[in-house]
Every structure is written in structure tokens, then in C-alpha cells.
Amino acid sequence: MIRSEILRDIAPILRDQLVVCNIGIPSQELHAIDDQPTNFYMLGTMGLASSIGLGLALAQPKTVIVIDGDGSILTNLGTLPTIGNNCPDNYILMIIDNGSYGSTGDQPTYTSMKTDLVAMARAAGCENVVEVQDVDTGTALQAAIDSGKGTVMVVKCDSGNAKMPVITMDPVVIRDRFMKAVAS
Amino acid sequence: MNIDKRIADDLAANDVSFVTTVPCKQLAGVIEEIDQRSDIFHIPSNKEDEGMGLCAGAWMGGKRPAIIMQNTAIGVTINTLATLIQYYRMPLPMIISYRGELREPVACQVEMAVHTKALLAQMHIPTYHFHWQSDVEEFDNILKYTFMCNKPVAILTDANFWGGYGDQ
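Protein chains in written order, with this note's numbering: chain C, 1 to 184; chain U, 185 to 352.
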């Protein structure tokens, strides 16, 4: 499965949750598959989805699901120790690990070679780290939500992108409707 | 006057309850003060752009954030300031130790100091420079201004403001 197929699979689970979605094609795919006011789409700033989601989870009690990528985690590796040492129970970091920089032409990342994000997350202090195969994403995500414990999921899947339109919504509109959804 | 406590008191009085920090020798006292307070949640960051991501999330979650960092961080965070904090129009007080200014003992710090105000001006970031201890009187108004206009705002605090650092 490629990322867009996973997102289509888990859209019914995501719909009722606060979601912070990674820059580029992941946000375009989620926006096209199931746009919700509870989705915060990153339009720039590669690497910070996990940090934005962590700040959000620490600031309020609702469950926060971050849809991140292997390339973006590698860009901001300092995030893993910060998560490992401050992880609240309402924080789920779902790293879609397709071993490539999808938004820039599927160049390989180091996770397609020797680098193991599951081991890195554990070494950084994250307590609940699960490796998930693409077809099991929905089951694992629901289990993470139901567990009520902060979780890092590393979802192994194929490289590839769906052709989706760019997001033209104004960033302040995205942010404003998201904040209203958070507060509701 | 204890300026570490004064800064933390002003933050708390303005409902700033989520503070992330990347340390600097000049900032050690204020970071320690914030870490000890029960009315401010302190989360250290490994890098300043990561810290701005945390602050963005905290603000969307209903908390007023602030970041404490060194001016070298301006070189790290230009993209984050432009594409996250400014693009989504978020407030962010940035309490910045202004290394490389008068009374600086480390020559390399001057290399970023000479670019700091120019970069902030280029980014259209409102910038205040605390040089005398009494300049801290402005801090409360700067915080109110920041959360009024939903912009990142820089407060540069130089070695003279902190009373120098002696040998380093």
C-alpha cells in the first residue's frame, strides 16, 4: 500500500480526532480524501508536524494524532528525545515510513537503507513504540487511541503518491477553524 | 531588582503558561526561574525551530507560549518564522539573549550579532533591545502587544542588561 491508500483506509478513524498533518503531498492527500475542521494542514516548515502535535497535546486534553513521514522525522530528529521525555497520554505520532521523500520525487531516505526509526524512537525514550505493516494501520491506530497512552507508530509501506490538488485554503482559515474545533 | 524573577512574573501575569527554551549562559537564571514555577510549564527544546513548533501547537491548544533562545537561533529559524508563525499568524514572544554585543567575551558571537537586527528587520518582526536593566519595565507592554497583534516579537537582551558574564 502507498500512503494515500492508508489514509483512505483510516479516514473514518481520523474524522473524530484532532489531526496534525505533515507538509506536502500527505496534507494534499488527506485534504482531498476527507477534509475536516479537525485537520491542521502544514503548508510549509518541513519537520515540525511532530512538534506542533506535541505542543497541542500538552496544552489540552483531546487526543492528537500526528501524521508524519520518515523524511520529516529525519529532518527534526531532536523531536524524538523531546517526545520521549515529555510524552502525554493523548499523543499519537504516526510516522508513515515509505523510505522516501515523497513530495520531492521519491528520493530514498536513510530509512530505506540502514536507519531504523523504531529503534531510534525507543532509544530516545519513547515508551510505546510499535512497528506496523500498512494493512494493519487502522487496527493499530484504533488500539493506540483506545489504550489512552502516548504512542509512536512506525507504519511501513510502499513509496508513492496519489495525484491530488494543492491546498488553496488560506493558512489563517485552516488555523482558525482548527482552533475552533480544538476548543469545541 | 531580580530581572530573572521579573521576567517570569511578567510572563505569568500575561497568562503565558507554556515556555520552551534552548539555553544560553546569559539566560541560565531566567530558565531556572521558569523551570521552578508551577504556573508555567517548561519544556526544553533541542533546537529552536522545534521549539517554535511546540509553541505553535500549544497556542492552538489554548495556551499562550513563549520561546527563550540565543540570537544565533535567528539563523536557524527564518523558515519556521516565515512559513509557520507568520504564515498562520500566530503570536510568539521571543526572549533572545543578544550575544556578540557590548561586554561580549567570545569573538565568534559577534558574527551573528552583526546580522541579528538586519534579519529581524527583513522579516518585519517587531524588535526591542534591552540594554539597561530598567528596560525590563517595557516587557509587560511588549507581551500585551504580541498577543494583541498575533506576530512573533523579538526582545533582544544583551550582556549589559544581564550584568555581564565575567570569565567565559
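Backbone N, C-alpha and C define an ideal beta-carbon position, used for all residues, glycine too.
Being a predicted model, the structure only gives us computed values, none of them experimental.
Is it right to say residue i is buried, meaning 16 or more other beta carbons lie within 10 angstroms of its own, or is it exposed?
i: V172 (chain C); result: exposed
i: V170 (chain C); result: Checking the displayed sequence, the identity of residue 170 (chain C) turns out to be Asp instead of Val. Burial call: exposed.
i: N101 (chain C); result: The question names Asn, but residue 101 (chain C) is Tyr in the sequence shown. That one is buried.
i: D158 (chain C); result: exposed
i: W316 (chain U); result: exposed
i: A291 (chain U); result: exposed
i: G241 (chain U); result: buried
i: Y110 (chain C); result: exposed
i: T113 (chain C); result: According to the sequence as given, residue 113 (chain C) is Met; it is not Thr. Looking at its Cβ environment, which holds fewer than 16 other Cβ atoms inside 10 Å, M113 (chain C) is exposed.
i: N85 (chain C); result: exposed
i: A183 (chain C); result: exposed
i: E321 (chain U); result: exposed
i: D233 (chain U); result: buried
i: A192 (chain U); result: buried
i: V135 (chain C); result: exposed
i: G350 (chain U); result: Because G350 (chain U) sits at a pLDDT of 47, beneath the cut-off of 50, its placement in the model cannot be relied upon, and the following sentence gives the value as read from the coordinates. The residue in question, G350 (chain U), is exposed, as its Cβ has fewer than 16 Cβ neighbours within 10 Å.
i: G71 (chain C); result: buried
i: K231 (chain U); result: buried
i: D16 (chain C); result: exposed
i: H31 (chain C); result: buried
i: S222 (chain U); result: exposed
i: P249 (chain U); result: buried
i: Q306 (chain U); result: exposed
i: S318 (chain U); result: exposed
Going by the DSSP bridge assignment, what does residue i pair with across the sheet?
i: A250 (chain U); result: U:V203
i: Q133 (chain C); result: C:K156
i: L304 (chain U); result: Answer by DSSP bridge pairing: none, since L304 (chain U) is not bridged.
i: P336 (chain U); result: U:L276
i: Y312 (chain U); result: U:I339
i: S281 (chain U); result: U:Q254 and U:T341
i: M94 (chain C); result: C:I67 and C:M153
i: I2 (chain C); result: C:D158
i: L18 (chain C); result: C:V64
i: Q107 (chain C); result: C:Y101
i: N39 (chain C); result: C:V19
Just to confirm, are residue i and residue j a CB contact at a threshold of 7 angstroms?
i: A57 (chain C); j: N90 (chain C); result: yes
i: L276 (chain U); j: C239 (chain U); result: yes
i: A140 (chain C); j: V129 (chain C); result: no
i: T311 (chain U); j: I258 (chain U); result: no
i: V118 (chain C); j: T137 (chain C); result: no
i: E29 (chain C); j: M164 (chain C); result: yes
i: N255 (chain U); j: R287 (chain U); result: no
i: F314 (chain U); j: K247 (chain U); result: no
i: T38 (chain C); j: L7 (chain C); result: no
i: N76 (chain C); j: G47 (chain C); result: yes
i: A302 (chain U); j: E285 (chain U); result: no
i: G245 (chain U); j: A59 (chain C); result: yes
i: D68 (chain C); j: I95 (chain C); result: yes
Leaving aside the five residues before and after residue i along the sequence, list all residues of the same chain whose C-beta is less than 7 angstroms from its C-beta, in chain order.
i: K328 (chain U); result: N198
i: L80 (chain C); result: M120, A121, A124 and C126
i: I227 (chain U); result: T204 and L238
i: G105 (chain C); result: none
i: R274 (chain U); result: Contrary to the premise, residue 274 (chain U) reads as Met rather than Arg in this sequence. A240, W243 and N334, listed in sequence order.
i: P61 (chain C); result: N90
i: V260 (chain U); result: K231, E232 and D233
Leaving aside the five residues before and after residue i along the sequence, list all residues of the same chain whose C-beta is less than 6 angstroms from its C-beta, in chain order.
i: I279 (chain U); result: I252 and I339
i: F271 (chain U); result: With the sequence shown as reference, residue 271 (chain U) is identified as Tyr, and Phe is not the correct amino acid for it. Hits under 6 angstroms: none found.
i: F178 (chain C); result: F40
i: V66 (chain C); result: V20, A49, S50, G53 and L93
i: A11 (chain C); result: I33 and D34
i: W346 (chain U); result: Q210
i: T151 (chain C); result: I92, N128 and A144
i: T330 (chain U); result: P275, P277 and V337
i: R190 (chain U); result: V320
i: C87 (chain C); result: G150
i: S229 (chain U); result: T204, V206 and G235
i: I359 (chain U); result: Outside the shown range of chain U, which is 185 to 352, sits residue 359 (chain U), and nothing can be said about it.
Taking 6 angstroms as the cut-off, does the CB of residue i come closer than this to any heavy atom belonging to the ligand COA?
i: A119 (chain C); result: Questions concerning the ligand COA fall outside what the structure shown contains, since it holds no ligand whatsoever.
Any beta carbon from chain A within less than 7 angstroms of residue i's own beta carbon?
i: P88 (chain C); result: In the displayed structure, chain A is absent; the protein chains listed are C and U.
What does a CB cutoff of less than 8 angstroms around residue i pick up in its chain, not counting 5 residues either side in sequence?
i: L43 (chain C); result: I23, S27, I167, P171 and I174
i: N161 (chain C); result: I2, R3, S4, I25, E29, G102, S103 and D106
i: I224 (chain U); result: A192, L195, A196, V200, S201, F202, V203 and I218
i: I13 (chain C); result: G138, L141, Q142 and I145
i: E295 (chain U); result: G284
i: S147 (chain C); result: N128
i: N344 (chain U); result: E285, L286, R287, H315 and W316
i: T45 (chain C); result: I23
i: D188 (chain U); result: G213, V214, E216 and E217
> Below 8 angstroms, can you find three or more Cβ-Cβ pairs linking the stretch 198-214 of chain U to the stretch 14-27 of chain C?
Replying inline: No contact exists between the stretch 198-214 of chain U and the stretch 14-27 of chain C.
> Can you find at least 3 beta carbon pairs, one from the stretch 251-267 of chain U and one from the stretch 315-327 of chain U, that sit closer than 8 angstroms?
Replying inline: Per the Cβ contact rule, the stretch 251-267 of chain U is not in contact with the stretch 315-327 of chain U (fewer than 3 Cβ pairs under 8 angstroms).
> Are there three or more Cβ pairs, one per stretch, closer than 8 angstroms when the stretch 227-246 of chain U is compared with the stretch 36-54 of chain C?
Replying inline: Judged by Cβ distances under 8 angstroms, the stretch 227-246 of chain U makes contact with the stretch 36-54 of chain C, as three or more pairs qualify.
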